[in-house]
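*Asks:*
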Amino acid sequence: MQPHQLAYFLAVAETGSFTRGARRAGVVQSAVSAAVTQLERELGAELFERHYHRVSLTAEGEALLPRARDVLTALDAAREAVAGARGELVGTVRLGTISFTGPLDLAGLLRSFAARHPRVEVHLRQTTSGTATSLDDLRSGALDLALVSTPADGLPGVALTEIHREPLVLVCGRDHPLASAERVGIGQLAGEPFIDFPTGWGNRAVIDHAFASAGVTRAIRTEVTDFALARTLVEHGLGLSIFPAGAVDGPADGPVARVPIRESPEWTIKLARPAPRREGTAATALARAVLDAARA
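Residue numbers (the UniProt record's numbering): 1 to 296.
1) With H, G and I counted as helix, E and B as strand and the rest as coil, what does DSSP make of residue 9?
2) So, does the stretch 271-280 touch the stretch 201-214, judging by three or more C-beta pairs under 8 angstroms?
3) Is the beta carbon of residue 54 closer than 8 angstroms to that of residue 17?
4) Can you tell me which of 86, 83, 5 puts its alpha carbon nearest to the alpha carbon of residue 47?
5) Would the stretch 167-181 count as touching the stretch 115-122 if we require 3 or more Cβ pairs under 8 angstroms?
6) Within its chain, find whatever has a CB closer than 7 angstroms to the CB of residue 28; leave out the 5 residues flanking it on each side and keep chain order.
7) Out of 101, 256, 133, which has the shortest C-alpha to C-alpha gap to residue 291?
8) Is the Cβ-Cβ distance between residue 169 and residue 195 less than 8 angstroms?
9) Helix or strand or just coil, what does DSSP make of residue 113?
10) Taking contact to mean 3 or more Cβ pairs, one atom from each stretch, closer than 8 angstroms, check whether the stretch 253-267 and the stretch 128-146 are in contact.
11) Would DSSP call residue 23 helix, strand or coil?
12) Taking DSSP's pairing of strands, which residues face residue 260 in a bridge?
13) With a threshold of 8 angstroms on Cβ separation, who are the neighbours of residue 109 within its own chain once the five nearest residues in sequence on each side are excluded?
14) What are the boundary residues of the alpha helix (DSSP H) that residue 139 is part of?
15) Express the C-alpha separation of residue 249 and residue 241 in angstroms, rounding to a whole number.
16) For residue 3, name the three-state secondary structure that DSSP assigns.
17) Within the stretch 167-244, note down every full beta strand (DSSP E) run reaching 3 residues or more, in order along the chain.
18) Report the three-state DSSP secondary structure of residue 32 (helix, strand or coil).
19) Count the other C-beta atoms from every protein chain shown that fall within 10 angstroms of the C-beta of residue 175, then say buried if there are 16 or more, exposed otherwise.
20) Going by alpha carbons, who is nearest to residue 226 out of 142, 130, 58?
21) Taking all protein chains shown into account, do 16 or more other C-beta atoms lie within 10 angstroms of the C-beta of residue 52, making it buried, or fewer, making it exposed?
22) Determine the direct distance from the alpha carbon of residue 10 to that of residue 67, and round the result to whole angstroms.
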């Protein structure tokens, strides 16, 4: 059993596909398929059920998954320890992120970090299914760090550090009756069609809580997973939405209006880390860089 076999197995397990697993690992698909097949032969068990466009773990694969992560984490820790004795920083950090990071210049931060620590590989993974999934991946060891949006101050198995906070605002088309309002109360939004993110996304949790606290039932007609599409739908009069204030760019007289909400719900970005902490020195260094950039 070789480390690269476990790494390829993990890539396929986490992406649900040999094609995507090979892309993540940076090798051709045939290399991944061969390595996984050899691993299955050595273990005497099938690790994946092969479907037409995806794969899923068998019971044996599920049993191997946490052990494979442990082995690869231990190998990274060994490399980090030896490099640390020479005053170097090496390793791999898997960083999850939401699509909008407010004023945090994530690309610039990663560029600066790479310049300072050229032997650290940062694997950035933007969530396609929300903060809830990123937190699950953090607990399972699939991620080392994650930028998340959650109203919670504490969660099982996760340590949260707030790095940014801003108000949520109503976004509507210029021809909507509320577009010219100085501010709007949640009670005024009853019965309006809404465009929002699916359950499991941090901003959805905050907005749902705000409406529930006001005793208002919201009519969610459309669910999307990025602000750009939500904004386009709002521009075309297909509903209202609620965004972090910083996510509504463009001129003041543009096609959408930004209206403050009287109850002042807030959206936060937090750095999430496993608790108890198990991250290596490379992940610790990246976490420190994120916190420093957020304070700057």
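Even for Gly, the Cβ is constructed at its ideal location relative to N, Cα and C.
*Replies:* In short:
1) Assigned with DSSP and collapsed to three states, residue 9 falls in helix.
2) Too few Cβ pairs lie closer than 8 angstroms, so no.
3) Yes. Within cutoff.
4) When C-alpha distances from residue 47 are compared across 86, 83, 5, the shortest belongs to 5.
5) Counting C-beta pairs closer than 8 angstroms gives fewer than three between the stretch 167-181 and the stretch 115-122, which falls short of the contact rule.
6) Once the five neighbours on either side are set aside, the close Cβ partners of residue 28 are 22.
7) With respect to the C-alpha of residue 291, the residue from 101, 256, 133 having the closest C-alpha is 101.
8) Their beta carbons are not under 8 angstroms apart, which means residue 169 does not touch residue 195 by this criterion.
9) If DSSP states are grouped into helix, strand and coil, residue 113 belongs with the helices.
10) The stretch 253-267 is not in contact with the stretch 128-146.
11) Three-state DSSP puts residue 23 in a helix.
12) DSSP lists 169 as the beta-bridge partner residues of residue 260.
13) For residue 109, the CB contacts under 8 angstroms within the same chain, skipping 5 residues up- and downstream, are 289, 290, 293 in chain order.
14) Here the alpha helix (DSSP H) through residue 139 covers 131-140.
15) Taking the CA atoms as reference points, residue 241 sits about 14 angstroms from residue 249.
16) Of the three classes helix, strand and coil, the one that applies to residue 3 here is helix, per DSSP.
17) 193-196, 219-223, 241-244, all fully within the stretch 167-244.
18) Residue 32: helix per DSSP, three-state reduction.
19) With fewer than 16 other Cβ atoms within 10 Å, it is exposed.
20) Ranking the options by Cα distance to residue 226, first place goes to 130.
21) Label assigned to residue 52: exposed.
22) Rounded to the nearest angstrom, the two C-alpha atoms are 10 angstroms apart.
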